[in-house]
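The opening residue of the sequence shown carries number 303 in the working numbering; numbering runs sequentially from there. C-beta atoms are modelled at their ideal positions from N, C-alpha and C, and glycine is treated no differently. Source: prediction; values computed, not measured. Structure first, then comments.
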Amino acid sequence: MEDPPTPSTSSPPPPSSPSASSALVFRVNRPVYDEEKLESQLHKKDTPSVTIKQRISQQCQCSAQRARALVFSLLPVLSWLPSYPFKQYIFSDVVSGLSTGVVQLPQGLAYALLAAVPPVYGLYSSFYPVLLYTFFGTSRHVSVGTFAVISLMIGGVVVREAPDSDFYIPANGTNMSAVLDEVARDARRVQVAMVFTTITGTIQIVLGLLRFGFVSIYLSEPLVRGFTTAAAVHVVVSQLKYLLGVKTRRYSGALSVVYSLNAVFSKITETNIPTLLLGVSCLVFLYIIKDLNERFKKKLPIPIPGEIIVVIVSTGVTYGMSLSQLHQVDIVGHIPTGLSAPALPDFSLVPNLITDAFAVAIVGYSMGISLAKIFALKHGYTVDGNQELLAYGLCNFISSFFQTFAVTCSMSRSLVQESTGGKTQIAGLLASLVVLLVVVAIGFVFEPLPQTALAAIIMVNLLGMFRQFRDIRHLWRTSRIELSIWVVAFVSSVLLGLDLGLLVSIAFGILTVVYRTQHPHSSVLGQVPDTALYLSVDQYEEASEEQGVKIFQFGSSIYFANSDRYVSSLKEQTGVSPEQIQYLRKVQKKKMKKSKENHTLVVCANEERGVSHELVPNHHSQDKEEEQVNGQVKGQVNGQVKGQSTGADTDSEEAVFIQTLSSPVHSIVLDWSCVGFIDSVGAKAVKQVIKEYAAVDVSVVIAGCNSSVLDELERLQFFTEMKRSIFFPTVHDAVLHCRNFNTSLGASPETCV
């Protein structure tokens, strides 16, 4: 490698490398560039300016091609249904649709209990949205419908707006307690669920039209997994009373888990033994079936439909043994035959539900799009996030007029639909038809279905969520910050409820981003011998610092929240403090004036910490070892420089001491390769620190700055006081410049201001 003015960069692998003889090698021979030279040799492309009027005009232009693209965008089914390979796909889709429908049926009944509405509305929610998603969705494998987490969030809102206490009516007779009017209560809760779903769908539609599909990125994977694990705890606790057969009120809001557990265990002695035995039997059976399906999923053509088996058998046992009449086992009850006519929601409830609806809209979409992306990546196609958001919005909004509650995709059903060979949403369409058949024709068959069996179905389907506790051990090893997000999401959602817990989790997640940008990793870089690579000297033994040059790297953008941190880290890491050098110079000037012949000033130079000094009595006048040659002080011994002050040459010796009290570092290179943006506060901080270093004869240059940051600096008028020539495209260009500038002509470092 040659020094400037004609530098050359040769970067073969280190000689010790075992593959040095066969490794690729590149050599570069070019002059050192700074941004000023680059701008003089390169020409930027002219970008024509477009006015707001022109942009609006372009967006409003209509053509047959744009109209066709719009229709295909809003109705993705048109892009694949006309070319559907009937012979190749139909059998797989039929098998997948029937298998998914068999699972969707009991889950629809079960999750209606979580939503605090009669079970038949779970069947409605398993039909209309699934049918609509076939036309508007872009994923081929997700199964849309009821889902435990969303159903539980809806149930919390429904119970809050229509509590049991509002529907007790006085009983006849003075010795009789009030009677709960379940018919009026259920009607009101259905109305609340309808309005809530309408608002949720509207929010999703608006966000989809505004292309806000990116909102799900604020729900990171650790946050979602911690939140859903907490939701699983809520669900299990809410189902304990059905499993034990005890009567307790339903709680919602902060500490609802604690109150629910207290209510259940306070009535543990009232447990209905037949209900408990039937529920535990269903739990054990479903767990065994789940385990068999998991163990032999490659050998089984379709998973064993454990849920529908439990529904059929438990319904038959309850009906045959008259468990409801003889042992007070709670059952599903009346299931009306046929579909209900559409109805308008009661929009007077809207103000109380908007905040909760927004939370459900975001959570439902985030779960749906994350699962859709997993299947799309596995099977080699793409999903449109904005269209998915719009699809969920339309499914919820339109379906709400048919008395449904909000839905999203279900992981367990989606896995069934995909693992049984489903190719397209024809499978989802057939699954919805299976539910329709039950609603229209044979719904009455499931009226004796015990609620404890539905509770068992819900609990077993949550096993996958409880396995997410394993994340704690993994995150402890990989990322403590992500672990903190998981723990905060879990604890806050368990204790504060799912709505407030989600809000706290998102706020904490954003704070971790702020923390990371405020406290990024910073380091001093050194050059790997015979290469143009610069790595951290703390991490790599081969990296060595250039004499007199400090290369500082900051792992974040520079803005108002971390500009002070940037400056303090720079001074700490480089070991060069302009304030300390300036202070020592002022002190030295005062001491020079007061120094006498019998005192000698001892100045200690430390490359890392700066300069220290002390005055000691001069007992031996023969210790004069220093002399001034060309403005430099000779006679350095073990890092100490001694100079004797006399009244005759005070001015010359003052110059000598000021020169001695300079930093051993003559140049600092700021590596901005990690800087993505800079604001006005950050620009002012950088400008100020450059001036401070210039005042103590330390040159500051900047390397690796991308064009967008340079444009921002231009808009911030950074270059009205600073030169473009202090910016270099690479760290190596900057180091070669500093090395050459320090050795040429004995010049003092460039102040750049």
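Whole-Å CB distance - V404 paired with P607, under 8 Å assumed: Residue numbering aside, residue 404 sits at position 102 when the sequence shown is read from its first letter. Residue numbering aside, residue 607 sits at position 305 when the sequence shown is read from its first letter. The Cβ separation is near 5 Å, so the contact holds.
Bridge partners - D973, DSSP secondary structure assignment: On the sequence shown, position 671 is the one that residue 973 refers to. BP columns for D973 point to Q855 and A1005.
Counted within 10 angstroms of its Cβ, other Cβ atoms place L813 as buried (16 or more) or exposed: By one-based count along the sequence shown, residue 813 stands at place 511. It is exposed - the Cβ of L813 has fewer than 16 other Cβ atoms within 10 Å.
DSSP three-state assignment for Y842, whether helix, strand or coil: Locating residue 842 in the sequence shown gives position 540, where the first residue counts as 1. Three-state result, Y842: coil.
According to DSSP, residues forming a beta bridge with G635: The residue given as residue 635 occupies position 333 in the sequence shown. Answer is none; G635 lacks a bridge partner.
Test item: CB-CB of G457 and A486 under 8 Å: In the sequence shown, the residue the question calls residue 457 occupies position 155. In the sequence shown, the residue the question calls residue 486 occupies position 184. No. Outside cutoff.
Neighbourhood of K569 by C-beta distance below 6 Å, restricted to the same chain and skipping five residues each side: Sequence index remark: in the sequence shown, residue 569 carries index 267 (1-based). Hits under 6 Å: V548.
From D468, L344 and N698, residue whose alpha carbon lies closest to that of T710: The residue you call residue 710 lines up with position 408 of the sequence shown. Comparing Cα-Cα distances from T710 to each of D468, L344 and N698, the minimum goes to N698.
Through-space distance from S668 to W382, alpha-carbon basis: Mapped onto the sequence shown, residue 382 falls at position 80. Mapped onto the sequence shown, residue 668 falls at position 366. Cα to Cα, W382 sits roughly 25 Å from S668.
Complete runs of the beta strand (DSSP E) confined to the segment 985-1030 [at least 3 residues]: 1001-1005
Integer Cβ distance of D973 from F854, believed to fall under 8 Å: The residue given as residue 973 occupies position 671 in the sequence shown. The residue given as residue 854 occupies position 552 in the sequence shown. At roughly 7 Å, the Cβ-Cβ gap stays under 8 Å, so D973 and F854 are in contact.
First and last residue of the uninterrupted beta strand (DSSP E) at V826: Residue numbering aside, residue 826 sits at position 524 when the sequence shown is read from its first letter. Looking at the DSSP string, the run of the beta strand (DSSP E) that includes V826 is S824 to Q829.
Under 8 Å between C-beta atoms of Y430 and S871: The residue you call residue 430 lines up with position 128 of the sequence shown. The residue you call residue 871 lines up with position 569 of the sequence shown. Contact flag unset, no.
Residue from V538, S401, Q356 and F328 whose Cα sits closest to the Cα of I728: In the sequence shown, the residue the question calls residue 728 occupies position 426. When each option's Cα is compared against that of I728, the closest is S401.
For V334: DSSP bridge partner residues: For the purposes of this step, residue 334 is taken as residue 32 along the sequence shown, with counting starting at 1. For V334, which the question treats as bridged, DSSP gives no partner whatsoever.
Contact belief for V851 with S969 at Cβ below 8 Å, rounded distance in angstroms: Position 549 of the sequence shown, counted from the start, is the residue given in the question as residue 851. Position 667 of the sequence shown, counted from the start, is the residue given in the question as residue 969. Indeed, because the Cβ distance is near 5 Å, the residues count as touching under 8 Å.
Sequence-distant residues of the same chain with beta carbon closer than 7 Å to V538, five excluded per side: Position 236 of the sequence shown, counting from 1, holds the residue named residue 538. The residues are M761 and L764.
Own chain residues within Cβ distance below 8 Å of V1134, not counting five before or after: Residue numbering for the chain in the displayed model covers 303 to 1055; residue 1134 lies beyond these limits and cannot be assessed.
Collapsed DSSP secondary structure at I519 in the structure displayed: As a working mapping, residue 519 is identified with position 217 in the sequence shown. In this structure, I519 counts as helix in the three-state DSSP scheme.
At least 3 beta-carbon pairs within less than 8 Å: the segment 1025-1045 vs the segment 333-340: yes
Ordered list of alpha helix (DSSP H) runs contained in the segment 373-403, each at least 4 residues: 379-382
8 Å Cβ cutoff met for Y413 and V492: Residue 413 sits at position 111 when you count from the first residue of the sequence shown. Residue 492 sits at position 190 when you count from the first residue of the sequence shown. No, Cβ-Cβ distance for Y413 and V492 is not below 8 Å.
Cβ pair count under 8 Å reaching 3, the segment 743-754 against the segment 626-642: yes
Rounded straight-line distance, which links the Cα of A534 to that of S807: The residue you call residue 807 lines up with position 505 of the sequence shown. The residue you call residue 534 lines up with position 232 of the sequence shown. Spanning the two alpha carbons is a distance of roughly 16 Å.
In DSSP terms, what S712 is bridged to: Taking the sequence shown and counting its residues from 1, one reaches residue 712 at position 410. According to DSSP, which records beta bridges pairwise, S712 is partnered with S445.
K725, buried or exposed, once every other Cβ within 10 Å from all chains shown has been counted against 16: The count along the sequence shown starts at 1 and reaches residue 725 at position 423. It counts as buried.
Whole-angstrom distance between L415 and P647, CA atom to CA atom: Reading the sequence shown from its first residue, position 345 is the one you call residue 647. Reading the sequence shown from its first residue, position 113 is the one you call residue 415. So the two alpha carbons sit approximately 21 Å from each other.
Neighbourhood of M1040 by C-beta distance below 6 Å, restricted to the same chain and skipping five residues each side: Position 738 of the sequence shown, counting from 1, holds the residue named residue 1040. What sits at residue 1040 in the sequence shown is Cys, not Met. Excluding positions up to five away in sequence, the list reads V851 and S969.
CA nearest to the CA of T250, picked from K896, G528 and L425: Residue 250 is absent from the structure shown; the chain starts at 303 and stops at 1055.
One or two residues paired with P350 in a DSSP bridge: Within the sequence shown, numbered from 1, the residue matching residue 350 stands at position 48. None; P350 has no bridge partner.
Cβ pair R462, S554 closer than 8 Å: Counted from its first residue, the sequence shown places residue 462 at position 160. Counted from its first residue, the sequence shown places residue 554 at position 252. In this structure, S554 lies closer than 8 Å to R462 by Cβ.
Same chain only: Cβ atoms within 7 Å of L482, ignoring 5 sequence neighbours per side: Locating residue 482 in the sequence shown gives position 180, counting from the first residue. Taken in chain order, the residues that qualify are D466, F469 and Y470.
C-alpha gap between V665 and E341, whole angstroms: Taking the first residue of the sequence shown as 1, we reach residue 665 at position 363. Taking the first residue of the sequence shown as 1, we reach residue 341 at position 39. Taking the straight line from one Cα to the other gives about 49 Å.
Element boundaries [alpha helix (DSSP H), containing E484]: Here residue 484 is taken as the residue at index 182 of the sequence shown, counted from 1. Unbroken alpha helix (DSSP H) run through E484: E484 to L511.
With 16 other Cβ atoms within 10 Å as the buried cut-off, status of A791: The count along the sequence shown starts at 1 and reaches residue 791 at position 489. That one is buried.
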